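One structure below.
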Amino acid sequence: IRSRASLARAIRQTTRAASAAWQRMASDLAPVPMSAAAARASSGLSLLRADDAASVDAELMSSPGFSVDQLMELAGLAVATAVHKEFEGLAAERGGCLRVLVLCGPGNNGGDGLVAARHLAHFGHKPAVVYPRMGSSDEAKRLFGNLLRQLEDLDVPVVRDATPYSADVIRSSADVVVDALFGFSFKPPAREPFASLLAAVAEAASPAEADGECVRLASVDVPSGWEVNDGPQEGSPALSPHCVVSLTAPKPFARRLGAATAHWLGGRFVPPSLARRFGVEGYAALYPAAEQVVRLDPAAMPW
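Sequential numbering from 1 applies to the sequence shown in the UniProt record's numbering.
Here is the structure:
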């Protein structure tokens with residue numbers, strides 16, 4: 001009898017020890033709450049900071065062998081497509097044709113705008129370009145000179161003097177303004193002639209300043225005057241775009257966009273291996289079918 005009792009006690013002790021071991025193991029294996037940054041990275045939907053965005057561009061032009069011309073063409077086509085899709089309703093009210101004023105800066109963001117203007121013309125709209133300053137390097141003269149010649153062939157007006165463009169002039173001459181002045185490398189504040197142009201655009205795109213009849217504003221990659229990582233800056237004109245077209249991946253400023261701002265993504269050309277390195281591989285799955293742009297649902301984004 002004593003032998004049987006000892007055996008029962010031993011079995012109970014072993015069972016309790018095993019149960020405790022399993023509980024410890026389950027605790028060790030339980031998911032640990034992730035930080036917001038870790039959650040974004042695990043989903044492949046990270047926000048691309050300015051230095052990482054520059055690194056992605058540099059990588060694209062090294063191992064995959066993309067040229068600046070190629071990247072600009074793909075980006076500009078994405079911008080034109082997103083603008084066309086976002087404002088289809090407005091275009092229908094205007095007989096199918098929008099007057100689009102494209103503001104281009106001296107860098108690659110401005111080049112994206114020049115390409116977008118060309119494609120908007122092919123889409124049946126009436127673009128006009130304001131291009132106050134072009135890059136001075138030989139490569140810039142070659143690249144942007146070619147883009148300007150392509151616009152000239154399509155009879156797209158290109159104005160080099162931004163002075164006449166007050167808010168009233170912008171409102172009377174455009175249905176949509178495409179802001180392609182500054183990109184992710186911009187360091188505030190904006191200087192002339194761009195500062196005055198941005199102030200005029202901010203006023204023209206504000207319903208409060210226009211009795212409800214304002215132009216629609218679409219910004220390329222980042223609203224000009226905003227800091228790409230932190231958003232609107234003190235002392236810069238407060239652009240409030242109706243639409244932003246992010247290129248490659250959204251940038252951290254996207255967290256500062258208002259709920260009414262449409263957010264499009266373009267740039268469906270990043271190799272998966274490169275996208276994974278920067279935590280942005282999840283965006284590729286958001287594009288429908290053969291589309292080159294996608295309208296993002298803010299509620300579905302982990303930022």
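No residue lacks a Cβ here, since even glycine has one placed at the ideal position from N, Cα and C.
If you're wondering where the values come from, they're calculated on a predicted model, not measured in any experiment.
- Annotation: the continuous alpha helix (DSSP H) that includes glycine 110 extends over 108-122.
- In this structure, the beta-carbon distance from alanine 121 to leucine 154 falls below 7 Å.
- Boundaries of the beta strand (DSSP E) harbouring aspartate 179: 176-180, taken from the DSSP string.
- Under the rule that a run must span 3 or more residues, the beta strand (DSSP E) segments found entirely inside the segment 56-114 read 99-104.
- In the three-state reduction of the DSSP assignment, arginine 191 falls in the coil class.
- Secondary structure note for valine 169: its alpha helix (DSSP H) is the uninterrupted segment 167-173.
- Rounded to the nearest angstrom, the Cβ distance from alanine 167 to glutamate 203 is 4 Å, consistent with a contact under 8 Å.
- In the structure shown, valine 201 falls within a helical segment according to DSSP collapsed to helix, strand and coil.
- The segment 215-287 is shown to contain whole beta strand (DSSP E) runs of 3 or more residues at 216-220, 243-247 and 262-266, in chain order.
- Only residues of its own chain outside the window of five on either side were considered, and among them Cys243 and Ala262 have a CB closer than 6 Å to the CB of glutamate 86, listed in chain order.
- When DSSP states are grouped into helix, strand and coil, alanine 290 belongs to the coil group.
- Here the C-alpha atom of alanine 91 lies approximately 8 Å from the C-alpha atom of histidine 84.
- The shortest CA-to-CA distance from leucine 103 to any of Leu143, Val115, Thr81 and Ala50 is the one to Val115.
- Inclusion of threonine 81 and glutamine 292 in the CB contact set at 7 Å is warranted, their separation being smaller than that value.
- The beta carbon of phenylalanine 269 sits closer than 6 Å to the beta carbons of Leu74 from its chain, once the five residues preceding and following it are set aside; these are given in chain order.
- Annotation for alanine 299: no beta strand (DSSP E) segment contains it, and DSSP assigns it neither H nor E.
- Between leucine 198 and serine 173, the C-beta gap is not smaller than 7 Å, which leaves the two residues out of contact.
- Just so you know, the alpha carbons of alanine 180 and glutamate 213 end up roughly 22 Å apart.
- For the options Ser240, Asp112 and Glu227, the alpha carbon positioned closest to that of lysine 187 is the one of Glu227.
- In the three-state reduction of the DSSP assignment, proline 207 falls in the helix class, which pools H, G and I.
- For alanine 128 and glycine 89, the gap between their C-alpha atoms comes out near 21 Å.
- Non-local beta-carbon contacts of glutamate 281 in its own chain, meaning distances under 8 Å to residues more than five positions away in sequence, involve Gly44, Pro272 and Ala275 in chain order.
- Note on arginine 118: 16 or more other CB atoms within 10 angstroms of its CB, so buried under the neighbour-count rule.
- In terms of Cα proximity to phenylalanine 123, the closest of Arg216, Ser206, Ser46 and Leu98 is Leu98.
- For alanine 128, the three-state secondary structure derived from DSSP is strand.
- With fewer than 16 other beta carbons inside 10 angstroms of its own, aspartate 297 counts as exposed.
- Check the Cα spacing between methionine 301 and each of Ala290, Ala289, Arg277 and Trp264: the tightest is with Trp264.
- Annotated as proximal: valine 177 and valine 201, with beta-carbon spacing under 7 Å.
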